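Numbering (my numbering) for the sequence shown: 67 to 301.
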Amino acid sequence: MNSETQPALRPYILVVEDEESLGTLLQYNLDKEGYRVALCPDGEEALIVVDEKQPDLVILDWMLPTVSGIEVCRRLRQRPETRNLPIIMLTARGEETDRIRGLDTGADDYVVKPFSMTELCARVRAVLRRIRPGLAENRVKHGDLMIDRVAHRVQRGVQEVHLGPTEFRLLDYFMQHPGRVFSREQLLDAVWGSDVYVETRTVDVHIGRLRRALNAEGVEDPIRTVRSAGYSLDI
Ligand code: CA
67 MNSETQPALR PYILVVEDEE SLGTLLQYNL DKEGYRVALC PDGEEALIVV DEKQPDLVIL
127 DWMLPTVSGI EVCRRLRQRP ETRNLPIIML TARGEETDRI RGLDTGADDY VVKPFSMTEL
187 CARVRAVLRR IRPGLAENRV KHGDLMIDRV AHRVQRGVQE VHLGPTEFRL LDYFMQHPGR
247 VFSREQLLDA VWGSDVYVET RTVDVHIGRL RRALNAEGVE DPIRTVRSAG YSLDI
């Protein structure tokens, strides 16, 4: 895919479900709703995939091989980098529902099987809106930066900023995760897509363009270069 024609970044959802038909159905429907989706059939693998893919939300089945959904949830909550990662648990009716109802699993919401895709998608939207407003809203502000995803506009203070499509997606991604440091590889994956071959050096070129566009008139540079690590939005 030509990166210049890609739309603004879509939230990334990891589905952890060992039931193949349900996993595929979830993937199909979430993709249709405009999310990027990764599928994982196993609890232990899920813990690794979360680090690799850095999803914005996890849909986690309760009963999984190797490590149960509840244990995956507990471990994600223990790690500082995934402590606030939105998690929706899936459970079969009658399966420890009292514990889930109390949400002492650390999950943000739960959905009882069988469920309709309409219901699940509504829950996903609600959890994202509540926990990651930066992903669900059309307009996001951070510091003196404002990005409007629908109108495709960016402002710094009262100044209109004109960005190319790649710089727009880069800024969009940074504004979803202010303060977090991303490696060039992570930025490539998120902004260009993992199926596109681009050299990591390209990231530096686009960061340079983004900086020049944002930093007119001697204002403070909102993008921090973290030596040997990558970049973050610090404003
Ligand atoms: Ca299962």
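No residue lacks a Cβ here, since even glycine has one placed at the ideal position from N, Cα and C. Computed from a prediction, not measured in an experiment: that's the story for all the values here.
Simplified DSSP assignment, three categories, for residue i
| i | result |
| --- | --- |
| F248 | strand |
| G135 | helix |
| S69 | Only weak support exists for where S69 lies, its pLDDT of 40 falling under 50; the value from the coordinates is given anyway. Helix at S69. |
| A104 | strand |
| T90 | helix |
| G168 | Summary for G168: the model assigns pLDDT 49, below 50, so the residue's position carries little reliability; its value from the coordinates is reported in the next sentence. In this structure, G168 counts as coil in the three-state DSSP scheme. |
| R290 | strand |
| Y176 | strand |
| V206 | strand |
| E233 | helix |
| D127 | strand |
| L151 | coil |
| N281 | coil |
| H272 | helix |
| R30 | The structure shown has nothing for residue 30, since the chain only spans 67 to 301. |
Close Cβ partners of residue i (< 6 Å) along its chain, the five nearest in sequence each way excluded
| i | result |
| --- | --- |
| C187 | E99 |
| G168 | Any reading at G168 must be qualified, since the residue scores a pLDDT of 49, below 50, and its modelled position is unreliable; the value itself is stated next. So no residue of the chain qualifies. |
| T268 | none |
| N95 | M183 |
| L229 | V220, A279 |
For residue i, the nearest candidate out of the options (CA to CA)
| i | options | result |
| --- | --- | --- |
| I197 | R235, I154, L80, R102 | I154 |
| L211 | L194, M241, S182 | M241 |
| W128 | P152, R102, K179, E111 | K179 |
| A112 | N95, Q93, G135, T90 | G135 |
| T157 | L151, T171, Q120, N150 | T171 |
| D175 | V138, R145, E137, L126 | L126 |
| L237 | E265, V206, G223, T266 | V206 |
| H208 | L194, R195, A217, G223 | G223 |
| P152 | R277, E286, D122, A282 | D122 |
| G259 | V82, A104, T90 | A104 |
Contacts around residue i, its chain only, beta-carbon distance under 8 Å, and the 5 residues preceding and following it disregarded
| i | result |
| --- | --- |
| E226 | R219, V220 |
| D300 | P244, G245, P288, I289, R290 |
| E185 | V177 |
| S249 | A295, G296 |
| R102 | R76, P77, Y78, I79 |
Delimiting residues of the alpha helix (DSSP H) encompassing residue i
| i | result |
| --- | --- |
| R191 | 183 to 197 |
| D117 | 109 to 119 |
| A256 | Where A256 is concerned, there is no enclosing alpha helix (DSSP H), given that its DSSP letter is neither H nor E. |
| V264 | First-last for V264: undefined, no H or E at that position. |
Enclosing beta strand (DSSP E) for residue i [first to last residue]
| i | result |
| --- | --- |
| D214 | 211 to 214 |
DSSP beta-bridge partners of residue i
| i | result |
| --- | --- |
| L299 | I289 |
| L80 | A104, V124 |
| E226 | Q221 |
| A158 | K179 |
Residue i Cβ short of 7 Å to ligand 3 heavy atom set
| i | result |
| --- | --- |
| E110 | Looking at this structure, you won't find ligand 3 anywhere; what it does contain is ligand 1. |
Chain-order list of residues whose beta-carbon lies under 7 Å from that of residue i (same chain, five-residue window excluded)
| i | result |
| --- | --- |
| D108 | D84, L130, P131, T132 |
| S87 | none |
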